[in-house]
Amino acid sequence: MAFWPRKSKQNETRVCDPDAKPFAVFENVGLEIAERSVLTGLTLRLTEDRIGVIGLNGSGKSTFVRLLNGLRTPSSGELSLFGVPATLAEPELPRHVGFVFQNPDHQAIFPTVEEEIAFGLTQLGSDKDESRSRARAFLATHGCEALADRPISELSEGQKQLICILAVLVMEPRLLVLDEPMTSLDALATSRIRSMLMSLPQKIVLVSHDLSHFEGFDRIFWLEEGRLRMDGPPHEVLAAYRADLDIKLNNKLELVAL
Amino acid sequence: MIAMQIPGDTWAHRLPAGLKLVAVAVASILLFQVSSFWTLLPCLAAVISLYASLGRQGLAQLKLLRGLSVLLACLLALHWLSGTLLEGFAIILRLIIMILAANFVSVTTRMDDMMAAVQPLFRPLEWLGISSRKPALGVTLVLRFTPYMLQVFSMLQEAYRARTGSSGSWRLLAPFAIQSLRMSDHVAEALKARGGSDGLTR
Amino acid sequence: MADRSLVHVAFYAALIAALGLLPPVAIPFLSGVPITAQTLGVMLAGVMLGPVRGALAVLLFLFIVALGAPLLAGGRGGLGVFFSPSVGFLVGWPVGAFVAGWIMRATGRLNVLTSSAIAAAIGGIVVVYAFGIPGLAYKAGLSLAEAAVGSAVFIPGDLLKVAVTALVAETISRGLPAAFLSRT
């Protein structure tokens, strides 16, 4: 394994169509990690603006959303993103798909808020000074200019996650994928971040364990043991999921099964 | 967090970092030619007056020599044993002058200015098809990982103490490495999700 | 996966830094001996990452020290340390990590414990001293023999670090085999 990658061809032509409808098409997609099957037989067309993903721990939710930005590639079936096969789209995906992780401490790379936001802009080719001033302006439009010079490590959990979301949004993606972004936040921070997310023009795919987060969503996927158990509008899928949870809870509680 | 720089904005802070680096390089070459005790003494006075010009905080930096004193004393003792005491004095004087001069640049230059000053040296990497941003990004990652790792270690120590009553010692090193390595995988994933270390301008 | 490599290199550079900053109580049996835990990080970088990335991790660490971060044990840092009489040891570090990583790969048929002990001892002690002693002799105007005698006090501590390196490497190879990159 070479340490430094060779730069691929200069002037690579863009292949993705950011406005493609549907933006993702799954044809019998399966994924194995270390010979263990994590996702099986997914066939889906993603077009909606607000899509939720639910399921128990280990159901494949995180792996599923990682397929959307190229962090994982299918081991079988066909996946196309933004109108082209995923393997072709991969180099362009970070500019079209913003990804927010569960733990902001794992995402924020830079010591201060301004540098963290500016990183996305330098990634897109701005020089250092320009990125910094645009980062400041961007923070101001979101009412966060007061945070610009603060060290990220000193922010509250809610502020940290907000900065991680803004750091991704500054790259102006078409799709925002969030993998349990509210897990470590208190109720107030959760509600603020949720309403901010709902006001965004971006399409959103949200993984969450808190079913109340899906209010106003268009479509929910329920994953179970790597398969699509149910797919439909929130009121139907969430009701079925709750009923299934109740049955599981009433069965004899076996800690081992957690 | 972790810094050795004197905060403030003195004449020495305002000099361009590149100029200061060149000055240290020239000084080390010139000093290499000097072996006379009587030429070295005024040089020492000059370098100490550099620190003095920064005021009290500057002079406080000379405590650096205290850390070196044991090592320097040992070296002097070795010279004394082999009967080259005078020569030893001159050599140690020259070491002290050079260390103080180089340290002066470090305490008056912010790390990002220093990085910007040496950034052009990485330009040749581009010829090999390697992004010259990589070293700078590597520096950022190290400065971000280090305090996090100390935090992980103290958390492990607490958990160990809670269960055993004794502090963890080297036994914690392997779990510590495993936990921090997991974190580094998350960071690698997050970096890739935002376009990776080469950026998206290709 | 170049980004993962960059992050791993940065990770071991940070480990070397963290080992220099850990309070000495963390390694009680080593306190009192005039040593730093940092060469432990150098040995681990070579043993865990393999020759190229291991050496790059050490170089990245030294680069950050040169930029002005006080990350060497005892809070030393900046350009001054590269003019100190012990600079030869610092120069030996990346070479030592390279050799340790190379030995790790060359002895791939031995078990991890033995292989990493050999790698750490040769890379982390023999190679590092092969640079450190002449460096000390040159910088301090001593003979090689005198410099060698002066450096010998550190050897007992370094042998302990070889043992710790081997134990840690062996544990990681069982607990998180994916992180064991020197043999892939």
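Chains as they are written, first to last, in the numbering used here: chain A, 390 to 647; chain B, 46 to 247; chain C, -19 to 164. Glycine included, each C-beta is placed from N, C-alpha and C at the ideal position. As the structure is a prediction and not an experimental result, all values here were calculated from the model.
Item                                                                                                                                                                                                        : Value
Tell me L595(A)'s beta-bridge partners as DSSP assigns them.                                                                                                                                                : G441(A), L567(A)
Going by the CB atoms, is the gap between D438(A) and D607(A) shorter than 8 Å?                                                                                                                             : yes
Ordered along the chain, which non-local residues of its own chain (more than five positions away) have a Cβ less than 6 Å from that of L482(A)?                                                            : N458, G459
Going along the chain, which residues of its own chain have a beta-carbon closer than 7 Å to the beta-carbon of M159(B), five neighbours each way excluded?                                                 : A62
In terms of alpha-carbon separation, which member of P65(C), F(-9)(C), A17(C) lies closest to G115(C)?                                                                                                      : P65(C)
Thinking A147(B) and G58(C) are a contact (beta carbons under 8 Å), I'd like their distance in whole angstroms, please.                                                                                     : 7 Å
In the region 460 to 488 of chain A, which residues sit with their C-beta less than 9 Å from some C-beta in chain B, listed in chain order?                                                                 : L460, P480, E481, L482, P483, R484, V486, G487, F488
Chain E partners of Q102(B), CB-CB under 9 Å?                                                                                                                                                               : Looking for chain E here will not work: the only protein chains present are A, B and C.
Would a check of beta-carbon distances place K179(B) closer than 8 Å to chain C?                                                                                                                            : yes
Take the Cβ of G55(C) as the centre, count every other Cβ of all protein chains shown within 10 Å, and call the residue buried at 16 or more, exposed below.                                                : exposed
Contact between the region 550 to 565 of chain A and the region 528 to 538 of chain A is defined here as three or more beta-carbon pairs at a separation below 8 Å; is this criterion met?                  : yes
Tell me whether the region 133 to 145 of chain B and the region 172 to 186 of chain B touch, counting them as touching only if at least three CB pairs, one residue from each stretch, are closer than 8 Å. : no
Within the continuous alpha helix (DSSP H) that includes D633(A), where are the two ends?                                                                                                                   : 623 to 639
Residues in its own chain within less than 6 Å of L224(B) by CB, not counting five upstream and five downstream?                                                                                            : The question names Leu, but residue 224(B) in the sequence shown is Gln. So the list reads V197, once near-sequence residues are dropped.
Assign D620(A) to one of three DSSP states: helix, strand, or coil.                                                                                                                                         : strand
Please classify I422(A): is it buried, with 16 or more other beta-carbons within 10 angstroms of its beta-carbon, or exposed?                                                                               : exposed
Return yes when the C-beta of L(-14)(C) is under 7 Å from any heavy atom of the ligand SAH, and no when it is not.                                                                                          : By its list of ligands, the structure shown contains no ligand whatsoever, and the ligand SAH lies outside what it can speak to.
Chain A beta carbons: is any one of them nearer than 8 Å to that of M160(B)?                                                                                                                                : no
Kindly indicate which three-state DSSP category N446(A) falls into: helix, strand or coil?                                                                                                                  : coil
Could you check if Q202(B) is buried or exposed, using at least 16 other CB atoms within 10 Å of its CB as the buried criterion?                                                                            : buried
Should V71(B) go down as buried or exposed, given a rule of 16 or more other Cβ atoms within 10 Å for buried?                                                                                               : exposed
Below 8 Å on C-beta distance, what does L5(B) contact in chain A?                                                                                                                                           : Chain B is shown from 46 up to 247; residue 5(B) falls before or after that span and cannot be answered.
Is the Cβ of L513(A) closer than 8 Å to any Cβ of chain B?                                                                                                                                                  : yes
Between G53(B) and the rest of its own chain, which residues show a CB-CB distance below 6 Å, the 5 nearest in sequence each way excluded?                                                                  : none
Do you know whose CA, among T129(B), S98(B), M143(B), lies nearest L77(B)'s CA?                                                                                                                             : First, the amino acid is wrong: residue 77(B) is Phe here, not Leu. Taking only the C-alpha atoms, the option nearest F77(B) is M143(B).
Roughly how far, in whole angstroms, is the beta-carbon of L218(B) from the beta-carbon of V148(C), given that I think they are within contact range, below 8 Å?                                            : 5 Å
According to the neighbour-count rule (16 or more other Cβ atoms, all chains shown, within 10 Å of its Cβ), is T402(A) buried or exposed?                                                                   : exposed
DSSP on L99(B), reduced to helix/strand/coil?                                                                                                                                                               : coil
In terms of residue numbering, what span does the alpha helix (DSSP H) encompassing R111(B) cover?                                                                                                          : 109 to 126
Taking only beta-carbon atoms, is F62(C) less than 8 Å away from chain B?                                                                                                                                   : yes
How about T432(A) and N417(A): are their beta carbons less than 8 Å apart?                                                                                                                                  : yes
For the alpha helix (DSSP H) containing R461(A), list its first residue and its last residue.                                                                                                               : Counting along the chain, R461(A) falls outside any alpha helix (DSSP H), and DSSP gives it neither H nor E.
Starting from T501(A), follow its DSSP beta bridges and name the residues at the other end.                                                                                                                 : P540(A)
What span of residues does the alpha helix (DSSP H) with A37(C) cover, start to end?                                                                                                                        : 31 to 47
Candidates F453(A), E504(A), M619(A): which alpha carbon is nearest S520(A)'s?                                                                                                                              : E504(A)
Between L218(B) and chain A, is any beta-carbon pair separated by less than 8 Å?                                                                                                                            : no
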